[in-house]
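The sequence shown: position 105 = 103 (the numbering used here), numbered continuously.
Here's the structure, in structure tokens; my notes come after.
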Amino acid sequence: MSKDLSGFERQLCDIQGRLFERSLIKEVDSADFMEKFMKSKTSEFYDLPYDRLQWAGEEYILEDLLEETSIIPAGEKFSKDELYWAGYVYRYWHLLTGESSREIYAQANARRMKECYLGFHTMDVVMAIEDLKNIHLQKSGQ
């Protein structure tokens, strides 16, 4: 699995990483935020090859998501670094494989991303994605 992402695609990864970080400002449960985003209509639009949402910025995307769904207030907060990394990796994964955000989340949910952060955040992103996919396959017995 290998693909060089364009500058535009890397910007999309960065925007999603910053979006996940911004969830801390709204003081919502991090795992619930991640799940609701990855399964949302908002992320479906963000998954399209091109949508206006991709240039709207993380503040607008967060507001769009909060209008679409209710996220558990308070609760557990992941660190800023964990959130940025998860958001970045999820978007990179989509751009690399073409899998939808919903499909990706089914393979690597918020808990898995938090558990893997310490060992994976210094890896090449493609290698981290491959390892996350392998963990999913092992856990699901495939």
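No residue lacks a Cβ here, since even glycine has one placed at the ideal position from N, Cα and C.
Sheet register partners of residue i (DSSP bridge)
| i | result |
| --- | --- |
| Pro71 | Val26 |
Backbone secondary structure at residue i - three-state DSSP
| i | result |
| --- | --- |
| Leu46 | coil |
| Gly117 | helix |
| Ser41 | helix |
| Phe76 | coil |
| Lys99 | Rather than Lys, the amino acid found at residue 99 in this sequence is Ser. Three-state result, Ser99: helix. |
| Ala106 | coil |
| Lys137 | helix |
Residue i and residue j closer than 8 Å at C-beta
| i | j | result |
| --- | --- | --- |
| Asp45 | Ser98 | yes |
| Ser21 | Glu74 | no |
| Phe18 | Tyr82 | yes |
| Lys39 | Glu66 | yes |
| Glu7 | Leu93 | yes |
| Ala84 | Met121 | no |
Nearest residue (CA-CA) to residue i, options the options
| i | options | result |
| --- | --- | --- |
| Phe76 | Leu64, Glu113, Ala54, Trp91 | Glu113 |
| Lys137 | Glu33, Ser68, Ala104, Ile69 | Ala104 |
| Cys11 | Glu56, Lys24, Glu33 | Glu56 |
| Gly15 | Lys78, Pro71, Val124 | Lys78 |
With 16 other Cβ atoms within 10 Å as the buried cut-off, status of residue i
| i | result |
| --- | --- |
| Ser4 | exposed |
| Ile102 | buried |
| Ile59 | buried |
| Met32 | buried |
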